[in-house]
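Trainee: Okay, handing you the structure first.
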Ligand SMILES: C[S@@+](CC[C@H](N)C(=O)[O-])C[C@H]1O[C@@H](n2cnc3c(N)ncnc32)[C@H](O)[C@@H]1O
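Given below as structure tokens:
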């Protein structure tokens, strides 16, 4: 079984998700198919104790406490019978149009099982993007803090790029875009972590 990677926490990408919602609206995507890759999960036991966001408003002591809780969470999550809780699918659904279809894929079966239970309306799949793209073409891909720790990140990037429709939105952390994307996978930058795949006509074809 694939191992669980580093911890995640609530509202980690709040600003990016809000910006994404604005671009989805701007580009007239009323019922987009959205693929979220690698949402991660925390232990269900600590889900209500993990502080939101990046902690920039917390005191030094509160930040230390928060770091300690994350470490405990990392340990707990590796115990196979400890339940998991995934934040990102719900946070995305909160900002996307109600007609959006959300497909969530992760290499880890425990994460996917938790998501299927938490969000029955989501199409939750175990999938390794280092092996193949998904069998659907999507309007939006969200893949944050996944490639930097994954095996075969350039292959994953390529498989995600292939899964994205022309004119689609790609939400990915800057480090992954810079280190693992290639010039043959052009993207137009819209915001800090949001890119758009050019349409053929944009490329003058
Ligand atoms: C560090 S967590 C990121 C969690 C969350 N997106 C965040 O920003 O906090 C990375 C996630 O990517 C998943 N992952 C790693 N390699 C993958 C692959 N090749 N295909 C699909 N998911 C993968 C892991 O199982 C994990 O859930």
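In my numbering, the protein residues as written are 46 to 250. Here a beta-carbon is modelled for each residue, glycine too, at the ideal position from N, C-alpha and C. In this text, all values refer to a predicted model and were calculated from it rather than measured experimentally.
1. What three-state label does DSSP hand residue 137 in the structure shown?
2. Would residue 256 and residue 120 qualify as a contact pair, given that the criterion is a beta-carbon distance under 8 Å?
3. Closer than 7 Å: is that where the CB of residue 125 sits relative to any heavy atom of ligand 1?
4. Distance check for residue 86 and residue 77, CA to CA, integer angstroms please.
5. Determine the DSSP secondary structure at residue 169, reduced to helix, strand or coil.
6. Going by the DSSP bridge assignment, what does residue 81 pair with across the sheet?
7. Let's see if you can read the secondary structure: which residues bound the beta strand (DSSP E) around residue 234?
8. Where does residue 216 fall in DSSP's three states?
9. In its own chain, which residues sit with a C-beta less than 6 Å from the C-beta of residue 132, not counting the 5 before and 5 after it?
10. Please tell me whether residue 186 and residue 208 are closer than 8 Å, where the distance is taken between their beta carbons.
11. Rounded to whole angstroms, what's the CA-CA distance from residue 82 to residue 107? Just pull it up for me.
12. Classify residue 46 as helix, strand or coil using the three-state DSSP reduction.
13. Please report the distance separating the alpha-carbon of residue 123 from that of residue 202.
14. Beta carbon of residue 152: closer than 7 Å to some heavy atom of ligand 1?
15. Given 7 Å as the limit, tell me if residue 167 has its C-beta closer than that to any heavy atom belonging to ligand 1.
16. With residue 241 as the anchor, note down where its beta strand (DSSP E) starts and where it stops.
17. Indicate, with yes or no, if ligand 1 has a heavy atom lying under 7 Å from the CB of residue 134.
18. Should residue 178 be counted as a contact of ligand 1 given a C-beta to heavy atom distance under 7 Å?
19. Would you kindly report the start and end of the unbroken alpha helix (DSSP H) that includes residue 52?
Mentor: Result, derived from the coordinates:
1. For residue 137, the three-state secondary structure derived from DSSP is helix.
2. Look at the range of the chain in this structure, 46 to 250, and you will see that residue 256 is not part of it.
3. The answer is no for residue 125.
4. The straight-line gap from Cα to Cα measures roughly 24 Å.
5. In the structure shown, residue 169 sits in a strand (DSSP, three-state: E or B).
6. Partner(s): 149, 187.
7. For residue 234, the enclosing beta strand (DSSP E) stretches over residues 233–236.
8. It is a strand residue.
9. Contacts found: 55.
10. Yes, these two residues count as a Cβ contact at 8 Å.
11. Put simply, the backbone Cα of residue 82 is about 31 Å away from that of residue 107.
12. Because residue 46 carries a pLDDT of 46, less than 50, the predicted location of this residue cannot be relied on, and no value is offered for it.
13. Cα atoms of residue 123 and residue 202: separation of roughly 27 Å, rounded to the nearest angstrom.
14. Because some heavy atom of ligand 1 lies under 7 Å away, the Cβ of residue 152 counts as near it: yes.
15. It does not: the Cβ of residue 167 is nowhere closer than 7 Å to a heavy atom of ligand 1.
16. Counted as a single uninterrupted DSSP element, the beta strand (DSSP E) harbouring residue 241 occupies residues 239–241.
17. No, Cβ of residue 134 sits at least 7 Å from all heavy atoms of ligand 1.
18. Distances between the C-beta of residue 178 and the heavy atoms of ligand 1 are all 7 Å or more.
19. Element bounds for residue 52: n/a, residue is neither H nor E.
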